[in-house]
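Asks: For reference, the structure I am asking about is given below.
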Amino acid sequence: MRGDHCATGRRLLSGSTGLERRQALEDPGGLAARDGCPVSGSDLELFPGFGHLAEPEEEEPQVIPHRGVAAVPARERAEPRERALGPILVEATHRGRHASLDVPGREGGGRVELAESRARPPESLIRDAECKLRADSTASGGPLERCQPRRREPPQRRGKGEARQEARKSPRKARMEKIVRPHGRDRIRFDATGRAPGRDRVLAPARPEECEAEVQANEGAAGILRSQLLQPGDTAFRPPRKSETDPGVQRPRTGEHPRRLGATAPAVGGGGAPKPLRLGVPAEAQIEEQRRRPARPFRGGASALQRRRTDDDDRRKRGSRDRHDGDAGARRHSATIPTPIAILLKPMSSYRDLLQKTKTEIAEIAPAEAAALPDGPLFLDVRERDEWEEGHIPGALHIPRGTLESRVEAALPDRERPVVVYCAGGARSAFAAKTLEELGYGDIRSLAGGYTDWKRNGFPTQLPRSLDAAKRSRYSRHILIPEVGEEGQLKLLDARVLLVGAGGLGSPASLYLAAAGVGRLGIVDADVVDESNLQRQIVHSTSTLGELKVLSAKATIEALNPDVEVVPYAERLTAENIDRILADGWDVIVDGADNFPTRYLVNDASVWHRIPVVHGSIYRFDGQITVFKPFEGPCYRCLFPSPPPPELAPSCAEGGVLGVLPGIIGSLQASEALKLALGIGDTLVGRLLLFDALEASFTEVGLRRDPECPVCGENPTITEYVDYVEFCQAPGVRVAS
Amino acid sequence: MTAVRIPPTLRTETGGERQVEAEGVTVRELLEDLSTRYPALRDRIWEDGEVASFVNVYLGGEDVRTLDGLATAVEAGQTLILLPAMAGGA
Numbered sequence: 017m018r019g020d021h022c023a024t025g026r027r028l029l030s031g032s033t034g035l036e037r038r039q040a041l042e043d044p045g046g047l048a049a050r051d052g053c054p055v056s057g058s059d060l061e062l063f064p065g066f067g068h069l070a071e072p073e074e075e076e077p078q079v080i081p082h083r084g085v086a087a088v089p090a091r092e093r094a095e096p097r098e099r100a101l102g103p104i105l106v107e108a109t110h111r112g113r114h115a116s117l118d119v120p121g122r123e124g125g126g127r128v129e130l131a132e133s134r135a136r137p138p139e140s141l142i143r144d145a146e147c148k149l150r151a152d153s154t155a156s157g158g159p160l161e162r163c164q165p166r167r168r169e170p171p172q173r174r175g176k177g178e179a180r181q182e183a184r185k186s187p188r189k190a191r192m193e194k195i196v197r198p199h200g201r202d203r204i205r206f207d208a209t210g211r212a213p214g215r216d217r218v219l220a221p222a223r224p225e226e227c228e229a230e231v232q233a234n235e236g237a238a239g240i241l242r243s244q245l246l247q248p249g250d251t252a253f254r255p256p257r258k259s260e261t262d263p264g265v266q267r268p269r270t271g272e273h274p275r276r277l278g279a280t281a282p283a284v285g286g287g288g289a290p291k292p293l294r295l296g297v298p299a300e301a302q303i304e305e306q307r308r309r310p311a312r313p314f315r316g317g318a319s320a321l322q323r324r325r326t327d328d329d330d331r332r333k334r335g336s337r338d339r340h341d342g343d344a345g346a347r348r349h350s351a352t353i354p355t356p357i358a359i360l361l362k363p364m365s366s367y368r369d370l371l372q373k374t375k376t377e378i379a380e381i382a383p384a385e386a387a388a389l390p391d392g393p394l395f396l397d398v399r400e401r402d403e404w405e406e407g408h409i410p411g412a413l414h415i416p417r418g419t420l421e422s423r424v425e426a427a428l429p430d431r432e433r434p435v436v437v438y439c440a441g442g443a444r445s446a447f448a449a450k451t452l453e454e455l456g457y458g459d460i461r462s463l464a465g466g467y468t469d470w471k472r473n474g475f476p477t478q479l480p481r482s483l484d485a486a487k488r489s490r491y492s493r494h495i496l497i498p499e500v501g502e503e504g505q506l507k508l509l510d511a512r513v514l515l516v517g518a519g520g521l522g523s524p525a526s527l528y529l530a531a532a533g534v535g536r537l538g539i540v541d542a543d544v545v546d547e548s549n550l551q552r553q554i555v556h557s558t559s560t561l562g563e564l565k566v567l568s569a570k571a572t573i574e575a576l577n578p579d580v581e582v583v584p585y586a587e588r589l590t591a592e593n594i595d596r597i598l599a600d601g602w603d604v605i606v607d608g609a610d611n612f613p614t615r616y617l618v619n620d621a622s623v624w625h626r627i628p629v630v631h632g633s634i635y636r637f638d639g640q641i642t643v644f645k646p647f648e649g650p651c652y653r654c655l656f657p658s659p660p661p662p663e664l665a666p667s668c669a670e671g672g673v674l675g676v677l678p679g680i681i682g683s684l685q686a687s688e689a690l691k692l693a694l695g696i697g698d699t700l701v702g703r704l705l706l707f708d709a710l711e712a713s714f715t716e717v718g719l720r721r722d723p724e725c726p727v728c729g730e731n732p733t734i735t736e737y738v739d740y741v742e743f744c745q746a747p748g749v750r751v752a753s
Numbered sequence: 040m041t042a043v044r045i046p047p048t049l050r051t052e053t054g055g056e057r058q059v060e061a062e063g064v065t066v067r068e069l070l071e072d073l074s075t076r077y078p079a080l081r082d083r084i085w086e087d088g089e090v091a092s093f094v095n096v097y098l099g100g101e102d103v104r105t106l107d108g109l110a111t112a113v114e115a116g117q118t119l120i121l122l123p124a125m126a127g128g129a
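Quick note, the sequences are listed as chains A and B, same order. Heads up: the first sequence is residues 17 to 753, going by this note's numbering. Heads up: the second sequence is residues 40 to 129, going by this note's numbering.
Have a look at this one:
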């Protein structure tokens, strides 16, 4: 007999459907006419398990320890023509009540009460039941032999060794085996106390009678039911044919409903005429297949083994389809006896139970206590965006519950920092707090009553500014960065950056600042686009040759990002106009000028206006970049108090420059400008970064403020702008050639 | 011998060399030795017996003005960087 596979159906039943199930069980011809066992109002789990029969003569079931649990392997053989015991149903105990073991249809049988089976291993439960049944049967003159290990067996199938083995066995063990084996699962796991974890009851299947129960199914339960289609026992050793894999061509033993999507399963005969039992499985039933594991080879010599291997191969070839639709079991069982039914019932936790349990595992804090915490804990808001937008605790960090696990580590690297998690009412934050504790955060509390209570008690709240959907989409990659986020992006949109020069350095800097969403970009440049510029000045193009650079750049930037307002200053930066331009209000100056007079002019003005300057310069393969932040770090005159003589200061126009070099240095300038606008990171204040493109190396040197600096020193000697006209080929200060 | 990094604006004076070597116990000695080896450099870095104000000298990543100036002792393995002001940006 092939029987190393079995399918099991599982569905979750609500209380009402649980009742239906009970009613089905109480069918007079049914599996178990049982009552008195309370059905919990919570969800129940129904496990119709289908296995095949055991051979009482075979050796004891192996119990294989597996990761701390015991597994009872499935057995191989069953006797198709034997009269069998009926299914035994073990109902769940509930709240300490007794379990009930039913053996309906057995002569003299009936329900057996078992005390507190919840904490008892199924074997002993079954064993007790078996013994009790046996006693009952004996007392009522019933067929005791059915409980005995020795059963009718075709003598030609038994070898000598088996006969000897049988002789050695104790009846009790054999009975156990008989009961345990055909439960139709791969294994039953027991926890340390012997209980099947997560399951309140274990089935106790037994031999089927000749009559059959029909398990009717609709579409939702097709999987298990097809798998239960049965073949007559006389096909026992026939290798499967392909056509048999299709349940549609299989012949149910009942024969009554050949076209109905249904299957037969063994029922307990009442000793009278076979009567199908109907076990309803509603459409929403969830099917879970379990496979039986081959435990031992067939008896019957090499040919039988070979057949089995062939069958296994066939099964492998059918592969996932079988596993998917549950037909594997059907095929495997097509030659086996109808199998017993087993039902497991399990009470499920409700949301309320889970929340209560979670709250016992975390720390909660009342709004008043949270507001009074001395060091000002970090508030973590785990509500959804729309809730956050309606107001939040000032300074709170917002990570919606759904992305908490993935985002919190980046946003909250310090796991020891006190954090108060809150949501609207304290439920989501409780779960969030537990999650954070599991992630290793040490000081997590959930705000009892949530934001609702916080607000009701008059503690401060804040209405956040937020980006509209289009901006959220455009700047989504910024928003995803914890250091930027939506708040940072709003800062950038409010930021005002003045670019001195729209040439090599100004091109990439302006493009990246515009793309980043810096709200206002001022550009100072008096030149027009020249063909020789296009080798590196990527904000301009061939189509804008001859145009003013500020207008060419403005068109490119606005095409890139219409959120950016470009303020063009088509003029040379001079001592006369620099104050006016700076008075328009700039947060950061990006210095991309190409001559010393402008550098010094920008430096002196920035010190006096206290505007940080991101300084960059390029020559051939070399670039320099630093940040001059007035009075917090050195200024340009701290480094070079005065410009070199003109003959010692060649420009790019004279010395040349690698086209990509301003791309690198200008991009670094944009990066520093963004950091300054956002107020994040360590800027290059006090550090000069030297880039050598030929070596592909960066070298950093330290810069110090010079107390004797003529501009930012303790006794400044330069107090008004100096026009270094001698540097310029044209009158005034030229910016960006 | 101490390695001396030559900035791009002074490489003409070193025959295109990006890094040269010179000897000296102090920065002053080192720069004197460098000026002896590459005489064209002398006019570019010296101004009235001192290093020109538009040239910065870094030893071990620090401006020598923040150390002991030209008297700063040169230790083995250190690199001297000459860094004149560079204005190009376009």
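Here a beta-carbon is modelled for each residue, glycine too, at the ideal position from N, C-alpha and C.
#1: Taking its Cβ as the centre, do 16 or more other Cβ atoms sit within 10 Å of residue 500 of chain A, making it buried, or is it exposed?
#2: Under 8 angstroms Cβ-Cβ, which residues of chain B neighbour residue 474 of chain A?
#3: Would you decide whether residue 645 of chain A is buried or exposed? Buried here means 16 or more other CB atoms lie within 10 Å of its CB.
#4: Kindly list, in the order they appear in chain B, the residues whose Cβ is closer than 8 angstroms to that of residue 635 of chain A.
#5: Please say whether residue 383 of chain A and residue 475 of chain A have beta carbons closer to each other than 8 angstroms?
#6: Using a cut-off of 8 angstroms between C-beta atoms, extract the partners of residue 611 of chain A located in chain B.
#7: Is there a C-beta anywhere in chain A that falls below 8 angstroms from the one on residue 67 of chain B?
#8: Evaluate residue 472 of chain A with the Cβ neighbour count: other Cβ atoms within 10 Å of its Cβ, from every protein chain shown; 16 or more gives buried, anything less gives exposed.
#9: What span of residues does the alpha helix (DSSP H) with residue 707 of chain A cover, start to end?
#10: Can you say whether residue 466 of chain A is buried or exposed, counting buried as having 16 or more other CB atoms within 10 angstroms of its CB?
#11: List the residues that DSSP assigns as beta-bridge partners of residue 102 of chain B.
#12: With distances taken from CA atoms, which of A:605, A:494 and A:561 is nearest residue 538 of chain A?
#13: Roughly how many whole angstroms lie between the Cα atoms of residue 376 of chain A and residue 442 of chain A?
#14: Quick one, which residues of the segment 67–88 of chain B are near chain A if we go by CB-CB under 7 angstroms, in chain order?
#15: Between B:109, B:127 and B:97, which has its C-alpha nearest residue 704 of chain A's C-alpha?
#16: Can you tell me whether residue 478 of chain A is buried or exposed? The criterion is at least 16 other CB atoms within 10 Å of its CB, across all chains shown.
#17: So that I know if they touch, is there some Cβ in chain A lying closer than 8 angstroms to that of residue 105 of chain B?
#18: Between residue 562 of chain A and residue 544 of chain A, which are expected to be in contact by the criterion C-beta below 8 angstroms, what is the C-beta distance as a whole number of angstroms?
#19: So, helix, strand or coil for residue 49 of chain B, using DSSP?
#20: Find the residues of chain B that neighbour residue 519 of chain A, judging by a C-beta separation of less than 7 angstroms, and give them in chain order.
#21: Roughly how many whole angstroms lie between the Cα atoms of residue 584 of chain A and residue 592 of chain A?
#22: Tell me the rounded alpha-carbon separation between residue 351 of chain A and residue 374 of chain A.
#23: Under 8 angstroms between the Cβ atoms of residue 643 of chain A and residue 666 of chain A?
#24: Using a Cβ cut-off of 8 angstroms, pull out every chain A residue sitting near residue 101 of chain B, in sequence order please.
#25: When you compare the CB of residue 584 of chain A with every CB in chain B, is at least one pair closer than 8 angstroms?
#26: If I follow the unbroken beta strand (DSSP E) through residue 372 of chain A, where does it start and stop?
#27: State the start and end residues of the unbroken beta strand (DSSP E) segment that holds residue 644 of chain A.
#28: Touch check for the segment 669–689 of chain A and the segment 617–636 of chain A: three-plus C-beta pairs under 8 angstroms?
#29: Against residue 640 of chain A, what residues of chain B qualify as contacts under a CB-to-CB distance less than 7 angstroms, listed in chain order?
#30: Check whether the Cβ atoms of residue 650 of chain A and residue 682 of chain A lie closer than 8 angstroms to each other.
#31: Note down, in chain order, each residue of its chain lying with its Cβ closer than 6 angstroms to the Cβ of residue 79 of chain B, except the 5 sequence neighbours on either side.
#32: Which residues in the same chain as residue 86 of chain B place their Cβ atom closer than 8 angstroms to its Cβ, once the five residues preceding and following it in sequence are excluded?
#33: So for residue 556 of chain A, helix, strand or coil by DSSP?
#34: My assumption, with CB atoms under 8 angstroms, is that residue 620 of chain A sits in contact with residue 737 of chain A. Please give the rounded CB distance.
#35: Under 8 angstroms between C-beta atoms, does residue 413 of chain A make it to chain B?
#36: Mind pulling the chain B residues with CB within less than 8 angstroms of residue 673 of chain A?
Replies: Taking the geometry as given:
#1: Counting from 1 along the first sequence, the entry for residue 500 of chain A is found at position 484. Buried.
#2: Counted from its first residue, the first sequence places residue 474 of chain A at position 458. For residue 474 of chain A, none of the residues of chain B pass the 8 angstroms Cβ criterion, the least Cβ distance being about 55 angstroms.
#3: The residue you call residue 645 of chain A lines up with position 629 of the first sequence. With 16 or more Cβ atoms within 10 Å of its Cβ, residue 645 of chain A is classed as buried.
#4: What you label residue 635 of chain A is simply residue 619 of the first sequence in a count that begins at 1. For residue 635 of chain A, the neighbours in chain B by C-beta distance under 8 angstroms run, in chain order, 47, 48, 125 and 127.
#5: As a working mapping, residue 475 of chain A is identified with position 459 in the first sequence. As a working mapping, residue 383 of chain A is identified with position 367 in the first sequence. With contacts defined by Cβ atoms closer than 8 angstroms, residue 475 of chain A and residue 383 of chain A form a contacting pair.
#6: Walking along the first sequence from the start, residue 611 of chain A turns up at place 595. Within chain B, the residues near residue 611 of chain A are 126.
#7: Counted from its first residue, the second sequence places residue 67 of chain B at position 28. Residue 67 of chain B has a beta carbon lying at 8 angstroms or more from every beta carbon in chain A.
#8: On the first sequence, position 456 is the one that residue 472 of chain A refers to. The residue is exposed, with fewer than 16 neighbouring Cβ atoms inside 10 Å.
#9: As a first step, residue 707 of chain A is located in the first sequence; it is residue number 691 there, counting from the start. From DSSP, residue 707 of chain A is part of no alpha helix (DSSP H) but of the beta strand (DSSP E) over 703–708.
#10: Residue 466 of chain A sits at position 450 when you count from the first residue of the first sequence. Residue 466 of chain A comes out buried.
#11: Sequence index remark: in the second sequence, residue 102 of chain B carries index 63 (1-based). When DSSP reads this structure, residue 102 of chain B sits in a beta bridge with B:97.
#12: Taking the first sequence and counting its residues from 1, one reaches residue 538 of chain A at position 522. Comparing Cα positions, the closest option is A:605.
#13: Numbered from 1 along the first sequence, position 360 holds the residue referred to as residue 376 of chain A. Numbered from 1 along the first sequence, position 426 holds the residue referred to as residue 442 of chain A. Cα-Cα distance, rounded: 13 angstroms.
#14: Result list: 83.
#15: Here residue 704 of chain A refers to the residue found at position 688 of the first sequence. Nearest of B:109, B:127 and B:97 to residue 704 of chain A, Cα basis: B:97.
#16: In the first sequence, the residue the question calls residue 478 of chain A occupies position 462. Residue 478 of chain A is exposed by the Cβ-count criterion.
#17: As a position in the second sequence, residue 105 of chain B is number 66, starting the count at 1. Yes, residue 105 of chain B counts as interfacial toward chain A.
#18: Here the question's residue 562 of chain A lines up with position 546 in the first sequence. Here the question's residue 544 of chain A lines up with position 528 in the first sequence. Contact flag correct, Cβ pair sits at about 6 angstroms.
#19: Translated into the one-based positions of the second sequence, residue 49 of chain B becomes position 10. If DSSP states are grouped into helix, strand and coil, residue 49 of chain B belongs with the helices.
#20: Position 503 of the first sequence, counting from 1, holds the residue named residue 519 of chain A. Under the 7 angstroms cutoff, chain B gives 128 and 129.
#21: Taking the first residue of the first sequence as position 1, residue 584 of chain A is located at position 568. Taking the first residue of the first sequence as position 1, residue 592 of chain A is located at position 576. Computed Cα separation, rounded: 17 angstroms.
#22: For this step, residue 351 of chain A is matched to residue 335 along the first sequence. For this step, residue 374 of chain A is matched to residue 358 along the first sequence. Its pLDDT being 42, under 50, residue 351 of chain A is placed unreliably by the model, and nothing is read from it.
#23: Counted from its first residue, the first sequence places residue 643 of chain A at position 627. Counted from its first residue, the first sequence places residue 666 of chain A at position 650. One thing to note: residue 643 of chain A has its Cβ no nearer than 8 angstroms to the Cβ of residue 666 of chain A.
#24: The residue you call residue 101 of chain B lines up with position 62 of the second sequence. Against chain A, the beta carbon of residue 101 of chain B has neighbours under 8 angstroms at 717 and 718, listed in chain order.
#25: Working through the first sequence from its first residue, we reach residue 584 of chain A at position 568. No - not a single Cβ of chain B is within 8 angstroms of the one on residue 584 of chain A.
#26: Here residue 372 of chain A refers to the residue found at position 356 of the first sequence. No beta strand (DSSP E) contains residue 372 of chain A, which is instead part of the alpha helix (DSSP H) from 367–377.
#27: Walking along the first sequence from the start, residue 644 of chain A turns up at place 628. In the DSSP assignment, residue 644 of chain A falls within the unbroken beta strand (DSSP E) covering 638–644.
#28: In this structure the segment 669–689 of chain A lies against the segment 617–636 of chain A, because at least three pairs of beta carbons, one per stretch, are closer than 8 angstroms.
#29: As a working note, residue 640 of chain A is residue 624 in the first sequence. Result: 125.
#30: Taking the first residue of the first sequence as 1, we reach residue 650 of chain A at position 634. Taking the first residue of the first sequence as 1, we reach residue 682 of chain A at position 666. No, the pair does not count as a contact, with Cβ atoms beyond the cut-off.
#31: Translated into the one-based positions of the second sequence, residue 79 of chain B becomes position 40. Taken in chain order, the residues that qualify are 52.
#32: Numbered from 1 along the second sequence, position 47 holds the residue referred to as residue 86 of chain B. The residues are 92.
#33: Start at 1 with the first residue of the first sequence, and residue 556 of chain A comes out as number 540. The answer is coil: DSSP assigns residue 556 of chain A none of H, G, I, E or B.
#34: Counted from its first residue, the first sequence places residue 620 of chain A at position 604. Counted from its first residue, the first sequence places residue 737 of chain A at position 721. The pair is a contact, with the Cβ atoms about 6 angstroms apart (cut-off 8 angstroms).
#35: Position 397 of the first sequence, counted from the start, is the residue given in the question as residue 413 of chain A. Residue 413 of chain A does not count as touching chain B.
#36: Within the first sequence, residue 673 of chain A is the residue found at index 657, counting from 1. Those within 8 angstroms of residue 673 of chain A in chain B are 127.
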